[in-house]
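According to our numbering, the sequence shown is numbered sequentially starting from 0.
Glycine is no exception: its CB is placed at the ideal position from the N, C-alpha and C atoms.
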Amino acid sequence: MSDKQGREHGREDSQDQKALHELFARVQKAPLEPSPYLKTRVLAHWRERRTPKGLLFWKWLSGISLAGVLTLSFVSYQLLQQKKSDGLTQQAYVIHIDFNQSDKEMVAQAEVELPEHVHFVSSNKEIREERKLTLPVSVKALGRGKLPFVVSSDISGEKSIRVRLLNEKNEVVREQVLKLTFAKQGNSVVF
């Protein structure tokens, strides 16, 4: 490379540097305007980073609520399935089978099954000896919303009476277990 070429090359470099300095000076003086969408993009990014924590809280809260509702439903169902009552031995007790609105539309008969040492109370000896009795459900009983029957027990203790509500095809509409606790006469009723 000759001196002449080196000087021309040096001059070009200095011109390039001057142009570059002028460009940087103009850029520094020029007002910097961000994109009009930059603010919304930054806010959206910030919101996305914050969302999982808030979402986690709501998921946790809904899970706890669901568990509470399911527990409450299960407990109330169990309480409705097993009604408990108390009484004395050798004494007649009237028990009512309650009908709800859907039962009134579908039930044709009720099947009552008694455990050992519990008897139906009736002037008819054959009925007293039965363990299982199918009772026709009349429109009058459905209108009152109850079907009564009378039982007594020979011995004390907890007894379970199973009641099945059947439709015209003898299919089970609803099944219910009634729990009764009998105490000996002269003793107080066990709660």
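Tell whether a beta-carbon distance below 8 Å holds between residue 117 and residue 150. Within the sequence shown, residue 117 is the residue found at index 118, counting from 1. Within the sequence shown, residue 150 is the residue found at index 151, counting from 1. A contact, by the Cβ cut-off of 8 Å.
Looking only at DSSP bridge pairs, what is residue 70 linked to? In the sequence shown, the residue the question calls residue 70 occupies position 71. DSSP lists no partner for residue 70.
Assigned secondary structure, residue 98 (DSSP; H/G/I helix, E/B strand, else coil): The residue labelled residue 98 in the question sits at position 99 within the sequence shown. It is coil, neither helix nor strand.
Cβ neighbour criterion (16 or more within 10 Å) applied to residue 26: The residue given as residue 26 occupies position 27 in the sequence shown. By the neighbour-count rule (16 or more Cβ atoms within 10 Å), residue 26 is not buried but exposed.
Kindly indicate the opening and closing residues of the alpha helix (DSSP H) around residue 158. Within the sequence shown, residue 158 is the residue found at index 159, counting from 1. Counting along the chain, residue 158 falls outside any alpha helix (DSSP H), though it belongs to the beta strand (DSSP E) covering 156 to 165.
Three or more C-beta pairs under 8 Å: does that hold for the segment 99 to 109 against the segment 119 to 131? no
Residue 175 in three-state terms, based on DSSP: Numbered from its first residue, the sequence shown carries residue 175 at position 176. It is a strand residue.
Closest to residue 174 by CA distance: which of 156, 110, 48, 115 is it? Within the sequence shown, the letter at position 175 stands for residue 174. Ranking the options by Cα distance to residue 174, first place goes to 110.
Terminal residues of the beta strand (DSSP E) in which residue 110 lies: Residue 110 sits at position 111 when you count from the first residue of the sequence shown. That run of the beta strand (DSSP E) goes 108 to 112.
Which residue comes first and which comes last in the beta strand (DSSP E) that contains residue 131? On the sequence shown, residue 131 is found 132 positions in, with the first residue counted as 1. From DSSP, the beta strand (DSSP E) with residue 131 extends over 131 to 135.
Return the first residue and the last residue of the alpha helix (DSSP H) that residue 124 is part of. On the sequence shown, residue 124 is found 125 positions in, with the first residue counted as 1. Residue 124 -> alpha helix (DSSP H) spans 124 to 128.
Please report the Cβ distance between residue 178 and residue 155, rounded to the nearest whole angstrom; I am assuming they are in contact, meaning their Cβ atoms lie under 8 Å. As a first step, residue 178 is located in the sequence shown; it is residue number 179 there, counting from the start. As a first step, residue 155 is located in the sequence shown; it is residue number 156 there, counting from the start. Not confirmed; about 14 Å, so no contact.
So what's residue 146 in DSSP terms, helix, strand or just coil? What you label residue 146 is simply residue 147 of the sequence shown in a count that begins at 1. Strand.
Please report the residue range of the beta strand (DSSP E) in which residue 118 lies. Along the sequence shown, one-based indexing puts residue 118 at 119. 117 to 119 is the span of the beta strand (DSSP E), which, as asked, contains residue 118.
When you compare each of 131, 144, 113, 161 to residue 152 by their alpha carbons, which one comes out closest? In the sequence shown, residue 152 corresponds to position 153, counting from 1. That would be 113, whose Cα lies nearest to the Cα of residue 152.
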